[in-house]
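Peer 1: Can you keep this structure in mind? I'll have questions shortly.
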Amino acid sequence: VNSNSAKDEL
Amino acid sequence: MNIFRLAGDMTHLASVLVLLLKIHTIKSCAGISLKTQELYALVFATRYLDLFTDYISLYNTLMKLIFLVSSFSIVWYIRHHKIVRRSYDKDQDTFRHYFLVLPCFLLALVINEKFTVKEIMWTFSLYLEAVAILPQLVLLQRTRNIDNLTGQYVFLLGAYRSLYILNWIYRYFTEPHYVHWITWISGLVQTLLYADFFYYYFQSWKNNVKLELPA
Numbered sequence: 005v006n007s008n009s010a011k012d013e014l
Numbered sequence: 009m010n011i012f013r014l015a016g017d018m019t020h021l022a023s024v025l026v027l028l029l030k031i032h033t034i035k036s037c038a039g040i041s042l043k044t045q046e047l048y049a050l051v052f053a054t055r056y057l058d059l060f061t062d063y064i065s066l067y068n069t070l071m072k073l074i075f076l077v078s079s080f081s082i083v084w085y086i087r088h089h090k091i092v093r094r095s096y097d098k099d100q101d102t103f104r105h106y107f108l109v110l111p112c113f114l115l116a117l118v119i120n121e122k123f124t125v126k127e128i129m130w131t132f133s134l135y136l137e138a139v140a141i142l143p144q145l146v147l148l149q150r151t152r153n154i155d156n157l158t159g160q161y162v163f164l165l166g167a168y169r170s171l172y173i174l175n176w177i178y179r180y181f182t183e184p185h186y187v188h189w190i191t192w193i194s195g196l197v198q199t200l201l202y203a204d205f206f207y208y209y210f211q212s213w214k215n216n217v218k219l220e221l222p223a
């Protein structure tokens, strides 16, 4: 699970 | 990156540029809440700590730097520019920062994805962004008469939030494991706060009259 995918948002 | 996300970022960028342009060209910050602008500066400063630790893309880094520089510039203009600061209506802009900052920070300590400094700051910035517009909305209600640029600024911010929700829906269906409750719920709360403003904005636009909020 890539739990950090929202971190590419601003 | 999908079209909703890009359009969301662009309307977000446009909102900041509209505000900076207004302040820079007409040398006035009338109707703008310094409290909201300071909260946004804090939002970006706490969210973009990963500038020092992770590299995502050139686009990502540039946008983060633009938001950081522009938000701190706006605060600087309102507080220190010798002409602009005179137009700041301190007596109307009375919302207390810590009223929003403290609950958001406590909530971030309790509800987060990981208990690390970076992660808690990131979560705090999401909660704070959700409510940072409140001092601005209160100021709009108080002054009622809104100049076009201030109206457009808040409208663009609302558009940015709405587009981000479409972005999340899109990503949920196209990316595996894309589930982010903290981001979604705080983003939804933030967007709902604009609903009332949007209603009056569209009414005035439809009737082609100057935007005025009810007392």
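So the protein lines, in turn, are chains A and B.
In this text, residue positions in the first sequence follow our numbering: the first is 5, and each later residue adds one.
In this text, residue positions in the second sequence follow our numbering: the first is 9, and each later residue adds one.
In this text, a Cβ means the ideal position worked out from N, Cα and C, and glycines have one as well.
Helix, strand or coil for B/Asn175 per DSSP?
Peer 2: Taking the second sequence and counting its residues from 1, one reaches residue 175 of chain B at position 167. Reduced to three states, the DSSP call for B/Asn175 is helix.
Peer 1: Does A/Ser7 get closer than 8 Å to chain B when you measure Cβ to Cβ?
Peer 2: One-based indexing of the first sequence puts residue 7 of chain A at position 3. Caution applies to A/Ser7, whose pLDDT of 47 falls short of 50 and renders its modelled position unreliable; the value that the coordinates give is listed next. Yes, because at least one Cβ of chain B sits closer than 8 Å to the Cβ of A/Ser7.
Peer 1: What residues from chain A crowd round B/Met71, counting only those whose CB sits closer than 8 Å?
Peer 2: To locate residue 71 of chain B, count along the second sequence from 1; it is residue 63. Chain A residues near B/Met71: Leu14.
Peer 1: CA-CA distance, B/Leu219 and B/Ser133?
Peer 2: Residue numbering aside, residue 219 of chain B sits at position 211 when the second sequence is read from its first letter. Residue numbering aside, residue 133 of chain B sits at position 125 when the second sequence is read from its first letter. Each residue's alpha carbon lies about 31 Å from the other.
Peer 1: Could you have a look at B/Glu127 and say whether DSSP puts it in helix, strand or coil?
Peer 2: Locating residue 127 of chain B in the second sequence gives position 119, counting from the first residue. In this structure, B/Glu127 counts as helix in the three-state DSSP scheme.
Peer 1: Who are the neighbours of B/Glu137 on chain A, taking C-beta pairs under 7 Å?
Peer 2: What you label residue 137 of chain B is simply residue 129 of the second sequence in a count that begins at 1. Under the 7 Å cutoff, chain A gives no residues; its nearest Cβ is about 10 Å from B/Glu137.
Peer 1: Please decide whether B/His188 counts as near chain A, where near means a Cβ-Cβ distance under 8 Å.
Peer 2: Counting from one through the second sequence, the residue named residue 188 of chain B turns up at place 180. With its beta carbon less than 8 Å from one in chain A, B/His188 belongs to the interface.
Peer 1: Measure the alpha-carbon distance for B/Asp62 versus B/Met9 and round it to whole angstroms.
Peer 2: What you label residue 62 of chain B is simply residue 54 of the second sequence in a count that begins at 1. What you label residue 9 of chain B is simply residue 1 of the second sequence in a count that begins at 1. So the alpha carbons of these two residues sit roughly 18 Å apart.
Peer 1: Starting from the beta carbon of B/Ile193, find every residue of chain A whose beta carbon is closer than 9 Å, and list them in chain order.
Peer 2: Residue numbering aside, residue 193 of chain B sits at position 185 when the second sequence is read from its first letter. Going along chain A, no residue has its Cβ under 9 Å from B/Ile193, so there is no contact; the nearest lies around 12 Å.
Peer 1: Taking B/Asp101 and B/Leu42 to be in contact with their CB atoms under 8 Å, please state how far apart those CB atoms are, rounded to whole angstroms.
Peer 2: Here residue 101 of chain B refers to the residue found at position 93 of the second sequence. Here residue 42 of chain B refers to the residue found at position 34 of the second sequence. With a Cβ gap of about 6 Å, B/Asp101 and B/Leu42 count as contacting.
Peer 1: Only counting the same chain, and skipping five residues up and downstream in sequence, which positions put a Cβ closer than 6 Å to that of B/Gly159?
Peer 2: Walking along the second sequence from the start, residue 159 of chain B turns up at place 151. Contacts found: Leu219.
Peer 1: Taking B/Asn68 as the query, report the chain A residues whose CB atoms sit under 8 Å from its CB, ordered along the chain.
Peer 2: Residue 68 of chain B sits at position 60 when you count from the first residue of the second sequence. One finds Asp12 and Leu14 in chain A with Cβ atoms closer than 8 Å to the Cβ of B/Asn68, taken in chain order.
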